[in-house]
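Visitor:
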Amino acid sequence: MRLLAVVLLLFFLPAAAVSAPIPVLDKVARSYAKRQPALENYVVTVQTDRIRQTIEQMTAHLPADVARPPAPVVRKYWQRSSGKSLVRAEGPNVFPLMQEMAGKFSRSLSLELFDFFLPVGKGGERDRLLEQAEVGVIESDLAGVNLQSVTLTFSQPANLNGAFYGRGLDLPQTGITRLVIDLDPKREVVKRMEVSTAGQIFTLEARYREVSSGWLPTEVLLTSFDGSVDIRLETEFEQFDGIWLPVRQKRVARRGDKTDLLDVVFADYVVNEPFPPEVEKLLAP
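Residue numbers for the sequence shown follow my numbering, beginning at 1 and rising by one.
1) Distance check for residue 143 and residue 79, CA to CA, integer angstroms please.
2) What are the boundary residues of the alpha helix (DSSP H) that residue 123 is part of?
3) Near residue 55, what residues of its chain come up, given a Cβ to Cβ distance below 8 Å and the 5 sequence neighbours on each side ignored?
4) Quick one: measure Cβ to Cβ for residue 133 and residue 118, integer angstroms, because I've assumed they're closer than 8 Å.
5) Can you look up residue 31 in the DSSP assignment and give me helix, strand or coil?
6) Decide if residue 52 is buried, meaning its Cβ has at least 16 other Cβ atoms within 10 Å, or exposed.
7) What residue from 272, 250, 271, 255 has the CA that sits closest to residue 262's CA?
8) Helix, strand or coil: which one does DSSP assign to residue 47?
9) Starting from the Cα of residue 161, find the closest Cα among 260, 169, 174 and give me that residue.
10) Residues bridged to residue 235 by DSSP?
11) Between which two residues does the beta strand (DSSP E) harbouring residue 157 extend?
12) Give me the Cα-Cα distance between residue 253 and residue 34, rounded to the nearest whole angstrom.
13) Would residue 120 pass as a contact of residue 83 if the rule is Cβ separation under 9 Å?
14) Should the segment 56-63 be called in touch with the segment 25-40, which here means at least 3 C-beta pairs below 8 Å?
15) Rounded to the nearest angstrom, what separates residue 169 and residue 227 at their Cα positions?
16) Give every residue of the same chain whose Cβ lies closer than 6 Å to the Cβ of residue 31, excluding the five residues on either side of it in the sequence, and list them in chain order.
17) According to the neighbour-count rule (16 or more other Cβ atoms, all chains shown, within 10 Å of its Cβ), is residue 212 buried or exposed?
18) Taking the beta carbon of residue 259 as the centre, do at least 16 other beta carbons fall within 10 Å, making it buried, or is it exposed?
19) Report yes if the C-beta distance between residue 43 and residue 240 is below 9 Å; otherwise report no.
20) For residue 241, which three-state DSSP category applies?
21) Apply the 10 Å Cβ neighbour rule to residue 246 and answer buried if 16 or more other Cβ atoms are within range, or exposed otherwise.
22) Please return the same chain residues whose Cβ sits closer than 6 Å to the Cβ of residue 113, not counting the five positions on each side in sequence.
23) Taking only the alpha-carbon atoms, compute the straight-line gap between residue 278 and residue 147 and give it to the nearest angstrom.
24) Go through its chain and collect everything with a Cβ distance to residue 180's Cβ below 7 Å, but skip five positions before and after it.
25) Residue 223 and residue 237 - do their beta-carbons sit closer together than 9 Å?
26) Within 10 angstroms of its Cβ, does residue 266 collect 16 or more other Cβ (buried), or is it exposed?
Structure representation (structure tokens):
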């Protein structure tokens, strides 16, 4: 067993020479797109103490004898066809500030593990960025595990526009000078990404659990080279009618000297049912 990485293949191509997708990148992207094909959409109730805490902060200015509004029901909608998710407050007494609260949650809860890596519908954008970049591919064998690393180096800072990874972890999409993607061609998953800007380098790692429908990302780690950012997202999944869905997410985010903990439970899934027209409109491509 080789304990050191042995380079089997190494090549760098000028931007003008790239005319087709990188095979391993295309293979893994197709694999992500085919996972859980029975899942078209879902709506789920979001439960977290942060909702109560936020409402208390928003109503702290009210006189003590004034009744506080009941906490709204916060639901998350996700739709495969548009690749979008929506978090909104619902209930009979939802006022604008509550929707504002839900909007703040959207940023933390918009990370959709089904299409975070190499998102569906972004293949054309990926091809465009591959044409712009100097591309290198390294195949290696480390302790018996085969990995292929794809490196994109941009002569001018690039806007990835969600082509290689989704939003929700504060990983930059603009000003990218270099992107490294480590792929496991056997499991057909992204293992690691390194994202460089002019002033910072971020590393994103994913750990998986094997289930009947493939590999589920149960832990995602984001760190910065200078140590100022350290985010850990842990996800628990359960199976509903043959579909694996997250039932709990715990996010610990440290930025500088501040640490934030968000613990969320997802309950009462409704899968593959039509959304209300208003929600459909908001999720339209």
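For every residue, glycine included, the Cβ atom is placed at its ideal position computed from N, Cα and C. Fair warning: this is a prediction, and the values are worked out from it, not measured in the lab.
Guide: Put simply:
1) 39 Å
2) 123-132
3) 68, 69, 71, 98, 101
4) No, residue 133 and residue 118 are not in contact; Cβ-Cβ is about 16 Å, not under 8 Å.
5) helix
6) exposed
7) 250
8) strand
9) 174
10) 249
11) 145-158
12) 31 Å
13) yes
14) no
15) 16 Å
16) 188
17) exposed
18) exposed
19) no
20) coil
21) buried
22) 217
23) 45 Å
24) 149, 151, 193, 194
25) no
26) buried
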